[in-house]
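Q:
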Amino acid sequence: MDADVVIIGAGPAGIQAAIHSARKKAATVLVGKTGNSAMHGTELENYFGLQKVQSGTDVLSNGIEQAKSFGCTVLDMNVMSLSKEGDLFKAALEDGSVVSARALVVATGIARVKLGVPGEREYANGKGVSYCATCDCNFYRGKTVALVGGQAEAVADAEFMTRYASKVYLISPKFDTSPVLMEAAEKAGVVRIDSAVTEILGEEKVNAVKLSNGETVALDGVFIELGGKSSADLVMEIDLMPEMDDTLKVDRNCATSVPGVFACGDVTGKPWQVAKAVGEGCIAGLSAVEYAKKVKQ
6 MDADVVIIGA GPAGIQAAIH SARKKAATVL VGKTGNSAMH GTELENYFGL QKVQSGTDVL
66 SNGIEQAKSF GCTVLDMNVM SLSKEGDLFK AALEDGSVVS ARALVVATGI ARVKLGVPGE
126 REYANGKGVS YCATCDCNFY RGKTVALVGG QAEAVADAEF MTRYASKVYL ISPKFDTSPV
186 LMEAAEKAGV VRIDSAVTEI LGEEKVNAVK LSNGETVALD GVFIELGGKS SADLVMEIDL
246 MPEMDDTLKV DRNCATSVPG VFACGDVTGK PWQVAKAVGE GCIAGLSAVE YAKKVKQ
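Residues in the sequence shown are numbered from 6 upward in steps of one, following this note's numbering.
1. What is the residue span of the alpha helix (DSSP H) that residue 162 lies within?
2. How far does the beta strand (DSSP E) with residue 85 in it reach, from first residue to last?
3. If I follow the unbroken beta strand (DSSP E) through residue 30, where does it start and stop?
4. Using DSSP's beta-bridge definition, name the partner residues of residue 7.
5. Which two residues bound the contiguous alpha helix (DSSP H) that contains residue 296?
6. Tell me the rounded alpha-carbon separation between residue 46 and residue 230.
7. Identify whether residue 128 lies in helix, strand or coil by the three-state DSSP scheme.
8. Going by DSSP, what residue range makes up the beta strand (DSSP E) through residue 204?
9. Output the distance between the C-alpha atoms of residue 60 and residue 41, rounded to the nearest integer angstrom.
10. Rounding to the nearest angstrom, what Cα-Cα distance links residue 145 and residue 151 in this structure?
11. Tell me which same chain residues have a C-beta within less than 6 Å of the C-beta of residue 32, skipping the five on either side of it?
12. Evaluate contact between the region 248-261 and the region 158-169, counting only Cβ atoms and requiring at least three cross-stretch pairs below 8 Å.
13. Answer yes if the region 233-247 comes into contact with the region 198-215, meaning at least three C-beta pairs across the two stretches below 8 Å, and no otherwise.
14. What is the C-beta distance between residue 309 and residue 114, in whole angstroms, given that I count them as a contact (C-beta under 8 Å)?
15. Go ahead and label residue 262 buried or exposed: buried means 16 or more other beta carbons lie within 10 angstroms of its beta carbon, across all protein chains shown.
16. Using a 10 Å radius around the Cβ and a threshold of 16 neighbouring Cβ atoms, would you call residue 15 buried or exposed?
17. What's the call for residue 228, buried or exposed, on a 16-neighbour Cβ count within 10 Å?
18. Is residue 173 near residue 182, with beta carbons less than 7 Å apart?
19. Give me the DSSP bridge partner(s) of residue 197.
20. Assess, as a yes-or-no matter, whether the region 15-29 is touched by the region 104-112 under the definition of 3 or more beta carbon pairs within less than 8 Å.
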């Protein structure tokens, strides 16, 4: 699929960028799942024009419909990798398709989603709980690990970890990903468990996880990967280096140090507020359109 602007992230920043880009008659593609947004499932207040508390989920849904009404193509899936060929940025999606665009807007948010179970905090920081398989894969050569998550990143990284670990489990009560990815993971030897992790167990380090079905699975490491890839995981593939806190540095036009790449929302730093996200989304969307026009000429 070819476009002028591709936007990664379906939170308030990404959706606002898509609205402004599409309104400018640029061919715009928004890739992301609203369920991955920090705003999903929350209540929105203290925002311009709202006198009553609003459902964050409903606001995101309304925003998606707005973007579509202006001609934006919305793809409800995750981006697996980024690359650049000539003047085009290429976003590889979980179903195997690729979106090519002249300008890229990163609106992925910043925080890795936590599982929120006993043992997660205790065994983080080198004790067996990790949030990045590609970062820590070498520590688990010949060992048993579990990837916890039901979306594209967890499934793809489970297949990836079979090249290092002796046994790989993929654990989630629900899977929402491309059948192509799941088939590849299972073909590589990944053992799928349809259940939820309720507790991470261990002594000095992780040695097992407890599941909602009553089972306990012995293992050496747990990779918690809920949602899509983080900005840091993606942008380094196009030679953009995040700050130490994984944020992306931008100028007043929401432009990064890589020409044609813009960023907005939580990924650019505090304050983590919807008002900031929407404002930056507007700027990033308009800036991306202007850049794409120049490249196209």
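Glycine included, each C-beta is placed from N, C-alpha and C at the ideal position.
A: Let's see:
1. Unbroken alpha helix (DSSP H) run through residue 162: 157-166.
2. Taken as a continuous stretch (DSSP letters only), the beta strand (DSSP E) holding residue 85 covers 84-90.
3. Where residue 30 is concerned, there is no enclosing beta strand (DSSP E), given that its DSSP letter is neither H nor E.
4. In DSSP, residue 7 forms a bridge with 105.
5. Element bounds for residue 296: 279-301.
6. Rounded to the nearest angstrom, the two C-alpha atoms are 19 Å apart.
7. Note: residue 128 maps to coil in three-state DSSP.
8. 202-207 is the extent of the beta strand (DSSP E) around residue 204.
9. Spanning the two alpha carbons is a distance of roughly 15 Å.
10. When rounded, the distance between both Cα atoms is 11 Å.
11. The beta carbon of residue 32 sits closer than 6 Å to those of 8, 9, all from its chain and outside the five residues before and after it, given in chain order.
12. Fewer than three Cβ pairs drawn from the region 248-261 and the region 158-169 lie within less than 8 Å of each other, which leaves the two stretches out of contact.
13. The way I'd put it, the region 198-215 doesn't touch the region 233-247; fewer than three beta-carbon pairs between them come closer than 8 Å.
14. The structure shown does not extend to residue 309, since the chain spans only 6 to 302, so no value can be given for it.
15. The residue in question, residue 262, is exposed, as its Cβ has fewer than 16 Cβ neighbours within 10 Å.
16. When all chains shown are included, residue 15 counts as buried.
17. Note on residue 228: 16 or more other CB atoms within 10 angstroms of its CB, so buried under the neighbour-count rule.
18. Result no, Cβ atoms of residue 173 and residue 182 do not sit closer than 7 Å.
19. DSSP, once it has assigned bridges, lists 175 as partnering residue 197.
20. Counting Cβ pairs under 8 Å, three or more are found: they touch.
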